[in-house]
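Just so you know, the sequence shown maps onto residues 247 to 426 in our numbering. Written below as structure tokens is the structure these notes are about.
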Amino acid sequence: MPLDGDQLRELLGAIRGQYRLAWTGIHGVGHWARVLDAGLRVASVTGADPEVVSLFALFHDACRVNDGHDPRHGARGAELAAALLGPRFDGRPDLLRTLVRACACHTDGCRDQDATVGTCWDADRLDLLRVGIRPSPHKLCTDAARDPAVLAWANDRARRGHLPAFARASWLLNDLRGVD
247 MPLDGDQLRE
257 LLGAIRGQYR
267 LAWTGIHGVG
277 HWARVLDAGL
287 RVASVTGADP
297 EVVSLFALFH
307 DACRVNDGHD
317 PRHGARGAEL
327 AAALLGPRFD
337 GRPDLLRTLV
347 RACACHTDGC
357 RDQDATVGTC
367 WDADRLDLLR
377 VGIRPSPHKL
387 CTDAARDPAV
397 LAWANDRARR
407 GHLPAFARAS
417 WLLNDLRGVD
């Protein structure tokens, strides 16, 4: 079940409360929004679970301690997701396990046959051009992400640092304390 506006705002507030980097930095809210957009676009073809893909976008980089080498950031993001979302997945522990695995292992450079995990990882990889790395189709998990039109769309957005309208409207959370 998708998050409603109040749930999303509460969740983003909790994430921001512990986030150590610039909210609008290279691993921050703009990246998460592009990962969400790309993930939902790819999921519409792969059949990935859109709730897990959406939550992955929020948590996969939520616990970074720097913008460079931070090998445990995915595991920390997975732990935060489990702590904040455990009750949300009562009766659906398989979905929580999928989200935790997607977050914890997203930087391992692997490919995964699970449609939801692969879609999550592809969504993150499709935003690599924001840091000057062109996504390699050979490192993407899904045919949907390897589609030349999807790659061109994602690369253009990453290069420009595009912030989707839904994120501009509510994800910047200017009314919270500690605005960058």
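Ideal placement from N, C-alpha and C gives every residue a C-beta, glycine not left out. Bear in mind that the values here come from a model prediction, so they are computed numbers and not experimental data.
Close beta carbons around residue i, own chain, < 7 angstroms, minus the five adjacent residues each side
i: Y265; result: A308
Helix, strand or coil at residue i according to DSSP, with G and I counted as helix
i: S382; result: coil
i: D340; result: helix
i: T353; result: coil
i: A284; result: helix
i: I272; result: coil
i: G364; result: helix
Distance between residue j and residue i (C-alpha atoms, nearest Å)
i: A260; j: D336; result: 20 angstroms
i: R403; j: L372; result: 10 angstroms
i: V253; j: L304; result: One detail in the question is off: residue 253 reads as Gln in this sequence, not Val. The alpha-carbon atoms of Q253 and L304 are separated by roughly 13 angstroms.
i: A411; j: V275; result: 12 angstroms
i: G355; j: C349; result: 13 angstroms
i: V363; j: P339; result: 15 angstroms
i: L331; j: R322; result: 14 angstroms
Same chain only: Cβ atoms within 8 angstroms of residue i, ignoring 5 sequence neighbours per side
i: R405; result: L375, R376
i: T365; result: G285, V288, A289, T292, A294, V299, C387, T388, A390, A391
i: R414; result: none
Selected residue, minimal CA-CA separation from residue i, among the options
i: A328; options: F302, R287, G314, V311; result: F302
i: G378; options: S300, L418, C351, I272; result: I272
i: H384; options: R357, S416, A324, W269; result: R357
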